[in-house]
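Trainee: Got a structure for you, written out below as structure tokens; questions coming shortly.
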Amino acid sequence: NKDLFCYQHWRRTLGLVAKVSDGIARGCLPYANITNNRDELQERVREVAIVNVNKVAGAKRVNWKQFLPAASKYAMEIVRQIELLDPHIVIFAGTFNVVKHAMHASFADFPNSISSGISFNGRLYVQANHPNQRRIKHSRYYESIRDDVKRLLRELKRTELEGYIANLGIFP
231 NKDLFCYQHW
241 RRTLGLVAKV
251 SDGIARGCLP
261 YANITNNRDE
271 LQERVREVAI
281 VNVNKVAGAK
291 RVNWKQFLPA
301 ASKYAMEIVR
311 QIELLDPHIV
321 IFAGTFNVVK
331 HAMHASFADF
341 PNSISSGISF
351 NGRLYVQANH
361 PNQRRIKHSR
371 YYESIRDDVK
381 RLLRELKRTE
391 LEGYIANLGI
401 FP
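Take any residue in the sequence shown, note its place counting from 1, add 230, and you have its number in the numbering used here.
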């Protein structure tokens, strides 16, 4: 089955990942202008890399006692995956605090905290909630990421998104 949204439990998470990717890739669109076309969103999500920090079997809710040791064990692997994929944007979707020590170990001058996002070594790193969270409306979730990306791009004095966004990576 080529339908990425056929598995019901992935729809909520993957659908929002696709919308965030589409909006950012098409120039940081307002949320209302992002497509709702399932086929277009499905194609967009095929263009991004999604690396799951949870390398052990999951469930509806994370088992933190199991997740944290496993995530720490595989944190350097996550950093290597980021380096190999070489995305222009990395969105830590609820995982920055788990991966930050490995990032700092790999890059001595990588900050120990990022309030919303930073530019580091030519790459944007954005901190966000996990896309399957239920407290924030999808529109607000997207707008928060979009605003961070726009701010970071202004700080980098980059005005064109083409090429920079083409290699988008999202890491839930």
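Glycine residues also receive a C-beta, built at the ideal position from the N, C-alpha and C atoms.
(1) Of all the options His318, Arg370, Ser369, Ile375, which has the alpha carbon lying nearest to the alpha carbon of Ser346?
(2) If you check the beta carbons only, do Tyr304 and Lys285 fall under 7 Å apart?
(3) Determine the burial state of Arg274: buried for a count of at least 16 other Cβ atoms within 10 Å of its Cβ, exposed for fewer.
(4) Just to confirm the assignment: which complete beta strand (DSSP E) runs, minimum length 3, are found wholly within the segment 338-395?
(5) Just curious, the beta strand (DSSP E) that Ile321 is in, first and last residue?
(6) Since Val320 and Tyr371 should fall inside the 8 Å C-beta cutoff, what is the C-beta to C-beta distance between them, to a whole number of angstroms?
(7) Check for me: the alpha helix (DSSP H) holding Ile312 runs from which residue to which?
(8) Touch check for the segment 311-328 and the segment 352-367: three-plus C-beta pairs under 8 Å?
(9) Excluding the 5 residues preceding and the 5 following Phe340 in the sequence, name in chain order all residues of the same chain whose CB lies nearer than 7 Å to its CB.
(10) Under 8 Å by Cβ, that's how I've got Val250 and Ile280 pegged, so tell me the actual separation to the nearest angstrom.
(11) Pick helix, strand or coil for Gly257, following the three-state DSSP scheme.
(12) Answer with buried or exposed for Leu386, where buried requires no fewer than 16 other C-beta atoms within 10 angstroms of its C-beta.
(13) Report the rounded CA-to-CA distance for Cys258 versus Lys380, giving the unit in angstroms.
(14) Would you say Val283 and Ile308 are within 7 Å of each other, going by their C-beta atoms?
(15) Is the Cβ of Asp252 closer than 7 Å to any Cβ of chain E?
(16) Answer with buried or exposed for Leu244, where buried requires no fewer than 16 other C-beta atoms within 10 angstroms of its C-beta.
Mentor: With the structure as the only source:
(1) Indexing the sequence shown from 1 puts residue 346 at position 116. With distances taken between Cα atoms, Ser346 lies closest to Ile375.
(2) As a first step, residue 304 must be located in the sequence shown, where it is residue number 74. As a first step, residue 285 must be located in the sequence shown, where it is residue number 55. Yes, the Cβ-Cβ distance between Tyr304 and Lys285 is below 7 Å.
(3) As a first step, residue 274 must be located in the sequence shown, where it is residue number 44. That one is buried.
(4) Those beta strand (DSSP E) runs which fall completely within the segment 338-395 and span 3+ residues are 347-350, 353-358.
(5) The residue you call residue 321 lines up with position 91 of the sequence shown. Where Ile321 is concerned, the enclosing beta strand (DSSP E) stretches over 319-323.
(6) The sequence position of residue 320 within the sequence shown is 90, counting from 1. The sequence position of residue 371 within the sequence shown is 141, counting from 1. Not really, about 17 Å apart at Cβ, beyond 8 Å.
(7) For the purposes of this step, residue 312 is identified with residue 82 of the sequence shown, where counting begins at 1. Taken as a continuous stretch (DSSP letters only), the alpha helix (DSSP H) holding Ile312 covers 294-315.
(8) yes
(9) For this step, residue 340 is matched to residue 110 along the sequence shown. Cβ-Cβ distances below 7 Å link Phe340 to Met333, His334, Phe350 in the same chain, with the five nearest sequence neighbours on each side left out; the list follows chain order.
(10) Against the sequence shown, residue 250 aligns to sequence position 20. Against the sequence shown, residue 280 aligns to sequence position 50. Actually they are not in contact, since the Cβ atoms of Val250 and Ile280 sit about 11 Å apart, beyond 8 Å.
(11) Here residue 257 refers to the residue found at position 27 of the sequence shown. Looking at Gly257 - three-state DSSP - the assignment turns out to be coil, as it is neither helix nor strand.
(12) As a working mapping, residue 386 is identified with position 156 in the sequence shown. Flag for Leu386 reads exposed.
(13) What you label residue 258 is simply residue 28 of the sequence shown in a count that begins at 1. What you label residue 380 is simply residue 150 of the sequence shown in a count that begins at 1. Roughly 7 Å separates the two Cα atoms.
(14) The residue you call residue 283 lines up with position 53 of the sequence shown. The residue you call residue 308 lines up with position 78 of the sequence shown. For the 7 Å CB-CB criterion, Val283 and Ile308 form a contact.
(15) Going by chain labels, chain E is absent from the structure shown, which holds only one protein chain.
(16) Numbered from its first residue, the sequence shown carries residue 244 at position 14. Classification for Leu244: buried.
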